[in-house]
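These notes concern the structure reproduced below.
Numbering (full-length UniProt numbering), first residue to last: 1 to 657.
Structure, rendered in structure tokens:
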């Protein structure tokens, strides 16, 4: 009998996800976390998981944060398990809150969701919150059931589970970062195996939320228990088969650039004076308006933009005043404001305009419109007009902006970060953060640098260009700083103020050691060594900084990416995090030339490729001799060393004779 064709065609990274999930469960892990970038098909992986089930009777429960996402998820998963009884469980949206959602009643209205009655109509099935009815359904029809519920209804599902005296075969938490935080919050209930016993658990997310216990807890209450997604006991091992950059390289997602746009305080104040209603706007909001207009001027193909605020009144006033500002230009601009209280027809009109902007610039100002499960068209840009609550929020917004256009056209999305620049700002960094002039940019750049290695590299390049006098990043850089309107003498100061807080100061040490290596100097400088510094007449205390770096590494305070940067740099062959080891294993230029000769003798080929490596018997390490030659500078060699290199590699370095 022929095997039925699979209903879901999985991409390679989704197939790999299924394999790794199965392997983890087979190894005895009852809990596993799947981390995939937004828009790369976590729900399809869940569907593939259900489709591969061979047991005729199988009980699965899936938790999601919103009713809208419940509808989307249920429609996909029941196609993967058509013989299962679908049971939808959700309360009204007033109960769908957790630590991530805003605290005030007004801000909760920002969450755009649908009513349970509308969800029932879309699913063509009953929706219930009656534990007895759910328990009855769970024990009927051969025990083959698929329950999709909101997190706010998890207590109802737990009560039904107890009434039915069942153990789930599989429990799935979608957007699982919403479950992390204090262990006693309602949305953390699906992690409790006593309340919801399950043989296997899957936590699906686009961002791993790490939570640290509070250090200022009330001594009478004792420490507060927290759930962190870095805990293997709570969330299991993490499977991450596809990084954000890999998804972009594979064209699963669109590429993107970041425009950090400086607006002077004077320009923002002048705009506020011209606008009639400024009750709800401050200079920061006005700066966002000017930044968006400048982005549109710089990027003439910009057509669809989402602008994100934290308050409804600010978003509404911002949209009204931006519409007035647009009328003073030669652009055709459509401006919408939407929030949780907007007429559904108005929301539909705004989304339709984004989907088909034509030659207009369509701007939708909103408060949390892009929450999980909202189907938003592919966008040309998103702008952060206010600080966000955390990394998951930022990743969700950026991730949805990177979704490719449905027609297959790949464009580069733009992330717009407005920064209000106060020219005579002498306040402390802490005060500037509290005032939020730079906070939004710092938050977004920091999060994206953690998610995307190319953003990390771009930030590092900008910092090196200023602090180390290296060439500035070229047009291929993922980050552009627009300082139009700033005095020429403070351009670098603006950029440095932005990147210093989003990058590590150890980058300066790394660059200085590279220069030392190219000059044939020691990578283990004496503590008193000071080298020339273009920004400081007293020089740069390299010896002290290297000692501080090694001490910080021993204390676990050096980021993983910085450690990797040092360990994988071919120029820093012989670098060690232990000063004593570094003294013993550092290779001089003559040592490296000896290894070149050893390589040529062994291979009998008078040419060394950049990928070539050779064993150093004195240290027992594999030395990247090809990478060293590829970055070798003429000025770092003595005449004798230059002659020896010419003799060893007459074709490759013949011009150096």
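We put the CB at the ideal spot given by N, CA and C, even for glycine.
Residue 75 - containing beta strand (DSSP E), residue span: Working through the chain shown from its first residue, we reach residue 75 at position 75. Unbroken run through residue 75 is the alpha helix (DSSP H), 67 to 80; no beta strand (DSSP E).
Going by DSSP, what residues sit across from residue 575 in a beta bridge? Looking up residue 575 in the chain shown gives position 575. For residue 575, DSSP assigns no beta-bridge partner whatsoever.
Which of the three DSSP states is assigned to residue 148 in this structure? Against the chain shown, residue 148 aligns to sequence position 148. Three-state result, residue 148: strand.
If I follow the unbroken alpha helix (DSSP H) through residue 459, where does it start and stop? For the purposes of this step, residue 459 is identified with residue 459 of the chain shown, where counting begins at 1. Per DSSP, residue 459 belongs to the alpha helix (DSSP H) from 453 to 467.
DSSP-derived helix/strand/coil call for residue 637: Mapped onto the chain shown, residue 637 falls at position 637. In this structure, residue 637 counts as coil in the three-state DSSP scheme.
For residue 354, collect the residues of the same chain with a Cβ closer than 8 Å to its Cβ; drop the 5 residues on either side in sequence, then sort them by chain order. As a first step, residue 354 must be located in the chain shown, where it is residue number 354. If the five residues before and after residue 354 are omitted, its C-beta is found closer than 8 Å to the C-beta atoms of 304, 306, 362, 364, 376, 377, 379, all from its own chain and listed in chain order.
To the nearest whole angstrom, what separates the beta carbons of residue 138 and residue 200, a pair I think is in contact under 8 Å? Translated into positions along the chain shown, residue 138 becomes position 138. Translated into positions along the chain shown, residue 200 becomes position 200. In fact, because the Cβ distance is near 17 Å, the residues do not count as touching under 8 Å.
What does the Cβ neighbour count give for residue 181, buried or exposed, with the cut at 16 atoms within 10 Å? Along the chain shown, one-based indexing puts residue 181 at 181. Around the Cβ of residue 181, a 10 Å sphere holds 16 or more other Cβ atoms; the residue is buried.
Alpha carbon to alpha carbon, how far is residue 539 from residue 567? Position 539 of the chain shown, counted from the first residue, corresponds to residue 539. Position 567 of the chain shown, counted from the first residue, corresponds to residue 567. Going from the Cα of residue 539 to the Cα of residue 567 covers about 26 Å.
Continuous alpha helix (DSSP H) stretch holding residue 352: start and end: Mapped onto the chain shown, residue 352 falls at position 352. Secondary structure note for residue 352: its alpha helix (DSSP H) is the uninterrupted segment 344 to 355.
Given a cut-off of 8 Å on the beta-carbon distance, is the pair residue 210 and residue 37 in contact? As a first step, residue 210 must be located in the chain shown, where it is residue number 210. As a first step, residue 37 must be located in the chain shown, where it is residue number 37. Contact flag unset, no.
Between the C-alpha atoms of residue 404 and residue 273, what's the straight-line distance to the nearest angstrom? Walking along the chain shown from the start, residue 404 turns up at place 404. Walking along the chain shown from the start, residue 273 turns up at place 273. When rounded, the separation of the alpha-carbon atoms in residue 404 and residue 273 is 40 Å.
Using a Cβ distance threshold of 8 Å, determine whether the region 26 to 35 contacts the region 132 to 152, with at least three qualifying pairs required. With a cut-off of 8 Å, the region 132 to 152 and the region 26 to 35 do not count as touching, because too few Cβ pairs lie within range.
Helix, strand or coil: how does DSSP classify residue 181 here? Numbered from 1 along the chain shown, position 181 holds the residue referred to as residue 181. When secondary structure is reduced to three states using DSSP, residue 181 falls in the strand class.
Shortest alpha-carbon distance to residue 576 belongs to which of 591, 597, 553, 561? Position 576 of the chain shown, counted from the first residue, corresponds to residue 576. It is 553 whose Cα lies nearest to the Cα of residue 576.
Leaving out five residues before and five after residue 597 in sequence, what residues of the same chain have Cβ atoms less than 8 Å from its Cβ? By 1-based counting over the chain shown, the position of residue 597 is 597. Only 648 meet the Cβ criterion.
For residue 318, write down the residues that DSSP places opposite it in a beta bridge. In the chain shown, counting from the first residue as 1, residue 318 sits at position 318. Residue 318 pairs with nothing; no bridge assigned.
Starting from residue 479 and walking both ways along the beta strand (DSSP E), at which residues does that stretch end? Here the question's residue 479 lines up with position 479 in the chain shown. The continuous beta strand (DSSP E) containing residue 479 extends over residues 479 to 482.
In chain order, what residues of the same chain lie with their CB nearer than 7 Å to the CB of residue 158, ignoring the 5 residues before and after it? For this step, residue 158 is matched to residue 158 along the chain shown. Cβ neighbours of residue 158 beyond the five flanking positions: 189, 195, 196.
By Cβ distance, which residues of its chain are closer than 8 Å to residue 412, with the 5 residues on each side in sequence left out? As a working note, residue 412 is residue 412 in the chain shown. Annotation for residue 412: 254, 255, 256, 257 place their beta carbon closer than 8 Å to its own, counting only its chain and skipping 5 residues before and after.
Can you find the residues in the same chain that come closer than 6 Å, C-beta to C-beta, to residue 481, ignoring five residues on each side of it along the sequence? Within the chain shown, numbered from 1, the residue matching residue 481 stands at position 481. Closer than 6 Å at Cβ, skipping near neighbours: 260, 495.
Over what stretch of residues does the alpha helix (DSSP H) that includes residue 605 continue unbroken? What you label residue 605 is simply residue 605 of the chain shown in a count that begins at 1. Run containing residue 605: none; DSSP gives neither H nor E here.
State the DSSP-derived secondary structure class of residue 418, mapped to helix, strand or coil. Looking up residue 418 in the chain shown gives position 418. Looking at residue 418 - three-state DSSP - the assignment turns out to be strand.
Where the beta strand (DSSP E) containing residue 735 begins and where it ends: An answer regarding residue 735 cannot be provided, because it is not within the stretch 1 to 657 covered by the chain.
Mind the definition here: the region 386 to 394 touches the region 322 to 340 only if three or more C-beta pairs lie below 8 Å; say whether that holds. The region 386 to 394, when compared against the region 322 to 340, does not touch it at the 8 Å Cβ threshold.
Have a look at residue 131 and residue 90 and give me their C-alpha separation to the nearest angstrom. Counted from its first residue, the chain shown places residue 131 at position 131. Counted from its first residue, the chain shown places residue 90 at position 90. Cα atoms of residue 131 and residue 90: separation of roughly 12 Å, rounded to the nearest angstrom.
Have a look at residue 478 and residue 422 and give me their C-alpha separation to the nearest angstrom. Reading the chain shown from its first residue, position 478 is the one you call residue 478. Reading the chain shown from its first residue, position 422 is the one you call residue 422. Approximately 26 Å, taken between the alpha carbons.
Under 8 Å between C-beta atoms of residue 381 and residue 268: Position 381 of the chain shown holds residue 381. Position 268 of the chain shown holds residue 268. Not a contact, by the Cβ cut-off of 8 Å.
Got a sec? Which residues, its chain only, sit under 7 Å from residue 429 by beta carbon, not counting five neighbours each side? Taking the first residue of the chain shown as position 1, residue 429 is located at position 429. Reliability fails at residue 429, whose pLDDT of 45 lies under 50, so the model's placement of it is uncertain and the value that follows must be treated cautiously. By the criterion of a C-beta distance shorter than 7 Å, residue 429 is surrounded by no residue of its chain, once the five residues flanking it on both sides are discounted.
Residue range of the unbroken alpha helix (DSSP H) whose run includes residue 293: Working through the chain shown from its first residue, we reach residue 293 at position 293. For residue 293, the uninterrupted alpha helix (DSSP H) segment begins and ends at 283 to 298.
Identify the continuous alpha helix (DSSP H) that holds residue 392 and give its terminal residues. Your numbering for residue 392 matches position 392 in the chain shown. Unbroken alpha helix (DSSP H) run through residue 392: 391 to 401.
Span of the beta strand (DSSP E), counted from its first residue to its last, around residue 660: Residue 660 falls outside the range modelled here, since the chain spans only 1 to 657, and no answer is possible.
Per DSSP, cross-strand counterpart(s) of residue 366: In the chain shown, counting from the first residue as 1, residue 366 sits at position 366. The bridge partners DSSP lists for residue 366 are 308, 338.
Report buried or exposed for residue 66, applying the criterion of at least 16 other Cβ atoms within 10 angstroms of its Cβ. Within the chain shown, numbered from 1, the residue matching residue 66 stands at position 66. The residue in question, residue 66, is buried, as its Cβ has 16 or more Cβ neighbours within 10 Å.
So what does DSSP say about residue 616, is it helix, strand or coil? What you label residue 616 is simply residue 616 of the chain shown in a count that begins at 1. Residue 616 carries a strand assignment under DSSP once its states are collapsed to helix, strand and coil.
Measure the alpha-carbon distance for residue 519 versus residue 571 and round it to whole angstroms. Position 519 of the chain shown, counting from 1, holds the residue named residue 519. Position 571 of the chain shown, counting from 1, holds the residue named residue 571. Using only the alpha carbons, I get a separation of about 11 Å.
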